[in-house]
Amino acid sequence: CCHLNFEGPGFLKITLITPAKKHSKTGNRATAVRWGGMLHAQGHTVQINETYDGKPCDLMIAIHAWRSADSITAYRTKYPKGPLIVALGGTDVNTFLNTEPETTLRSMRAADAMICLHSLIKDQLPANLRPKLHLVHQSAHPLPDPRAPRKRMFGICVIGHLREEKDPFRTALAARLVPVQSRLCVHHLGKAHTPAWARDAKREMARNPRYVWKGEVAAWQVRREFAKTHAMV
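Count the sequence shown with the working numbering and you get residues 942 to 1174, in order.
If you want it as structure tokens, here you go:
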């Protein structure tokens, strides 16, 4: 990306911007920490900030075109030719490209390269921006121990915060349709973004015995759930 060799002998000073706070369990913070670790392992110096502090760097990576727009503008103003990568969030394309097009498109145009996490993103972008879009599939570290799915039920886990973009109860609604003799059970891990989402989750548990909402949990608990369930939605 941007004609930079991330694994070459010349190590870079990288500023990585994420709109998520330091101890947040959101996807944006998890992505920033993970990418920062990968780049650090290759010998680069990585500073993760919520906003751009104006300090010089060899490269800025900004997660989320709309939420990091002020940092992107500040960096591009100070360093008109400074290498800039913008990682698109799902809401950049699903929401803000429609509701805040001027700001979102300004960030996209400012980028030398953009990163997306699935192939359908390309279809939503203006044609002139597609050539600088790069698809990077997400991955996960192997589980430390062999999987041991629950034997009394067929467990399905849903990993995702409760918010509109996630359509969080789709799996629970599908679970209502299985035959009465089915052993299927859905375990949902994720924070309710509003009290209304929390109320809806509790109502779903009350009317749907196949659905269990466990709320926001630590990363190790998510990985434990991976080991105990048969599949993930």
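Think of the CB as a built atom: it goes at the ideal place given N, C-alpha and C, for glycine as much as any other residue.
The structure presented is a predicted model; accordingly, all values stated were derived computationally and were not measured.
Taking only three categories from DSSP, how would you classify N1035? For the purposes of this step, residue 1035 is taken as the residue at position 94 of the sequence shown. The answer is helix: DSSP assigns N1035 an H, G or I state.
Beta-carbon proximity check, L1130 vs V1163, cutoff 7 Å: Position 189 of the sequence shown, counted from the start, is the residue given in the question as residue 1130. Position 222 of the sequence shown, counted from the start, is the residue given in the question as residue 1163. Yes, the Cβ-Cβ distance between L1130 and V1163 is below 7 Å.
For the structure I just gave you, are there three or more beta carbon pairs, one from the region 1052-1060 and one from the region 1070-1089, closer than 8 Å? yes
Specify the secondary structure class of A1159 as computed by DSSP and reduced to three states. Here residue 1159 corresponds to residue number 218 of the sequence shown, with the count starting at 1. A1159: coil per DSSP, three-state reduction.
Counting only the same chain and skipping the five closest in sequence on each side, list residues whose C-beta sits under 7 Å from that of A1160. As a working note, residue 1160 is residue 219 in the sequence shown. Nothing listed; no residue qualifies.
Quick check: V1127 and R1144, are their CB atoms within less than 7 Å of each other? Your numbering for residue 1127 matches position 186 in the sequence shown. Your numbering for residue 1144 matches position 203 in the sequence shown. For V1127 and R1144, no; Cβs fall outside 7 Å.
Could you check which residue in T1170, V1174, G1156, L1000 has the C-alpha nearest to that of L1084? Looking up residue 1084 in the sequence shown gives position 143. That would be T1170, whose Cα lies nearest to the Cα of L1084.
Please return the same chain residues whose Cβ sits closer than 6 Å to the Cβ of P1109, not counting the five positions on each side in sequence. Locating residue 1109 in the sequence shown gives position 168, counting from the first residue. Once the five neighbours on either side are set aside, the close Cβ partners of P1109 are L1103.
Assigned exposure category for P1067 - 16 Cβ within 10 Å defines buried: Counting from 1 along the sequence shown, the entry for residue 1067 is found at position 126. By the 10 Å Cβ count, P1067 comes out exposed.
What residue range does the alpha helix (DSSP H) around H981 cover? Position 40 of the sequence shown, counting from 1, holds the residue named residue 981. Looking at the DSSP string, the run of the alpha helix (DSSP H) that includes H981 is 968-982.
Does DSSP put L957 in a helix, a strand or coil? To locate residue 957, count along the sequence shown from 1; it is residue 16. Of the three classes helix, strand and coil, the one that applies to L957 here is strand, per DSSP.
Taking a contact to mean a Cβ-Cβ separation below 7 Å, would you say V1174 touches V1119 in this structure? Within the sequence shown, the letter at position 233 stands for residue 1174. Within the sequence shown, the letter at position 178 stands for residue 1119. For V1174 and V1119, no; Cβs fall outside 7 Å.
Examine the Cβ distances between the region 963-982 and the region 1011-1019 and report whether three or more of them are shorter than 8 Å. no
Please state if the CB of M1049 and the CB of L1025 are separated by a distance shorter than 7 Å. If you number the sequence shown from 1, residue 1025 lands on position 84. If you number the sequence shown from 1, residue 1049 lands on position 108. No.
Below 8 Å on the Cβ atoms is my contact criterion, and I expect G1031 with E1106 to pass it. Report the Cβ-Cβ distance as a whole number of Å. Translated into the one-based positions of the sequence shown, residue 1031 becomes position 90. Translated into the one-based positions of the sequence shown, residue 1106 becomes position 165. Correct: roughly 6 Å between the Cβ atoms.
Ignoring anything shorter than 4 residues or poking outside the region 1111-1172, list the alpha helix (DSSP H) runs there in chain order. 1111-1116, 1136-1148, 1160-1169
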